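Undergrad: Going by UniProt numbering, the residue at position 21 of the sequence shown is 21; the numbering climbs one at a time, nothing skipped. C-beta atoms are modelled at their ideal positions from N, C-alpha and C, and glycine is treated no differently. From a predicted model like this one, the values you see are computed outputs, not experimental measurements.
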Amino acid sequence: MALEISNLTKVFGEQTAVDSININVPDGSMYGFLGGNGAGKTTTFRMILK
């Protein structure tokens, strides 16, 4: 199963946690997701899993 996400955004009040992320992971591929503390990694994965 492939994963394709377009324009993923999450806002908490006036704070934008995730801003227009586009992800395309072809079937059979493996990717990493890197970023600093508070960059929105966990928020992004929680939205993908819903």
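Grab the span of the alpha helix (DSSP H) containing Lys-41 for me, first residue to last.
TA: 41 to 49
Undergrad: State buried or exposed for Thr-16, treating a residue as buried only when at least 16 other CB atoms are found within 10 Å of its CB.
TA: exposed
Undergrad: Taking only the alpha-carbon atoms, compute the straight-line gap between Ser-20 and Leu-8 and give it to the nearest angstrom.
TA: Those two C-alpha atoms are separated by around 5 Å.
Undergrad: Take Tyr-31 as the anchor and find which of Gly-38, Asn-37, Ile-23 has the nearest alpha-carbon.
TA: Ile-23
Undergrad: By Cβ distance below 7 Å, which residues in the same chain neighbour Ala-2 in space, the five residues on each side in sequence not counted?
TA: Val-25, Pro-26, Asp-27
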